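Here the structure comes first, spelled out in structure tokens, and everything after it is commentary.
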Amino acid sequence: IQETAGTHRASLTFHFGVPTAEEEMSKELFEQALIARSGKMPYLDAQRPHDLSDPKLEKILRETQGGRFRMAHYALTQLGSEEIPPDPSMVRLSNRLGLVASFYPDIDMTDLGERWQVALSSGIQSFLFGQDSTALLQASYASSLKPADVKLANFLGKVEEYAGLKADRVPAESDRNLAQEFVFRAEAANNRGERDKVLTYLRDALFLEPNNLIALERIGSTYYVLGQYRLAIAVWQRALLLEPNAKEREVLGYYIEDARRKLDGGAPPPDLSILQEERKPEPEAPKPSAAPRPAPAPVKIRVGDPRDIPALYQKGVEHYARGEYLQATAMFMRILRIDPENIQAKKALERIQRMNQQR
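Taking this note's numbering, the leading residue of the sequence shown gets 24, the next gets one more, and so forth.
Structure (structure tokens):
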């Protein structure tokens, strides 16, 4: 089931229901993956290959960077012990190069025209440098972009086997790629209130697709809900530069300004309407007998129809009751976009933020 929260993408689209067991990593595996990506897993030292950036391996590095993996493997086997003293790390590097060359002897690095090719070549380079978790992430993404490629799927399996890690994979029946799968998993984790997993999944999605607008907008919303306004602003500003739709840019701009107000201690937004008016000559000073003019009432700029507020508030309450706090936040922020002084929406947002700070 899919429901769209609001009328614009920044208010987020969320999938409801619990993902299948096949789609969800176990808690133990998830924690293992987090440790592995931090580079603190003991197996990394036990399986780390000799560093390809070693000046003595300059020729091998040049061959790998050119995609000539069979030639690189052959050149490595021809090195004499007087050039590179034998040690286990050299054997591991040779084994990795041999594995890659058995599937992809040559890749034209000057003609990586498709996303899956770029992801695969990046994954191979990561694997040769011993960055196994990153290699699996990139290779699995490549496989998800080209699911019918049996050779690529088999290569991914061999890298898993060699590294002793399980790659994140897209369920067989899904038509999502791996970055989209991470966004989906983030939605499910958000509905369960698992904020750390939400951020991890969205960061992985952005690692694979740095310009993924949905992931950018949602990670910004997550930071906002957590009270990390500076991070929310930075992410939303990046999304603003990438967003092609004028209406979406307007919404993102409002969210950024709202986060800035929170960052500045809740100061009310400045009235900038005067900047849009023609500058008029200053009036003459009033005569002493004249009564002073009352100051003009501040102009409140509302974007949207106030008649929509009850329905938006009801949707926000429903999302809140189901534990869907990002969606609820989006609804209450839309209300404040229409009516910046709406007490109910302000209190609801404060309640969500207090709740998240207590977790």
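Heads up, the beta-carbon is just placed ideally off N, CA and C, and yes, glycines get one too.
Just so we're clear, the structure is a prediction, and the values are computed from it rather than from any experiment.
Residue i: first and last residue of the uninterrupted alpha helix (DSSP H) it sits in
i: Glu280; result: 269 to 286
i: Ser18; result: Examination of residue 18 is not possible in this model, given that the chain is present from 24 through 382 alone.
i: Pro72; result: Where Pro72 is concerned, there is no enclosing alpha helix (DSSP H), given that its DSSP letter is neither H nor E.
i: Glu210; result: 201 to 214
i: Glu183; result: 173 to 186
i: Arg241; result: 236 to 248
i: Ala190; result: It is not in any alpha helix (DSSP H) - Ala190 carries neither H nor E in the DSSP assignment.
i: Gly339; result: 332 to 344
i: Ile256; result: 252 to 265
i: Lys169; result: Note, Lys169: premise wrong, no alpha helix (DSSP H); not H, not E.
i: Ala351; result: 348 to 361
Pick from the options that is closest to residue i, judged by C-alpha positions
i: Ser125; options: Leu175, Ala257, Pro170; result: Leu175
i: Leu249; options: Asp227, Val141, Arg374; result: Arg374
i: Glu21; options: Arg138, Ser197, Gln337, Ala158; result: Missing from the structure shown is residue 21; the chain here goes from 24 to 382 and no further.
i: Ala334; options: Arg357, Tyr224, Arg226; result: Arg357
i: His73; options: Ala202, Ala95, Leu160, Asp110; result: Asp110
i: Ile279; options: Glu273, Pro78, Ile256, Phe92; result: Ile256
i: Leu80; options: Ile147, Glu106, Pro128; result: Glu106
i: Pro2; options: Ser167, Arg261, Gln88; result: No answer is possible for residue 2: the residues shown for the chain start at 24 and end at 382.
i: Pro128; options: Ala95, Met378, Arg71; result: Ala95
Beta-carbon proximity check, residue i vs residue j, cutoff 8 Å
i: Gly216; j: Gly90; result: no
i: Phe355; j: Ala371; result: yes
i: Val114; j: Phe150; result: no
i: Ser383; j: Ala98; result: Beyond the ends of the chain as shown, which are 24 and 382, falls residue 383; an answer cannot be given.
i: Trp259; j: Leu236; result: no
i: Leu349; j: Arg241; result: yes
i: Ala195; j: Asp155; result: no
i: Leu201; j: Leu231; result: yes
i: Ala190; j: Ala165; result: no
For residue i: DSSP bridge partner residues
i: Asp129; result: Arg91
Fill in: Stretch-stretch touch, CB-based, cutoff 8 Å, three pairs: the region 121 to 135 with the region 73 to 86
no
Discussion item. Quick test of the definition: if touching needs 3 or more C-beta pairs under 8 Å, does the region 171 to 186 touch the region 209 to 228?
Written reply: no
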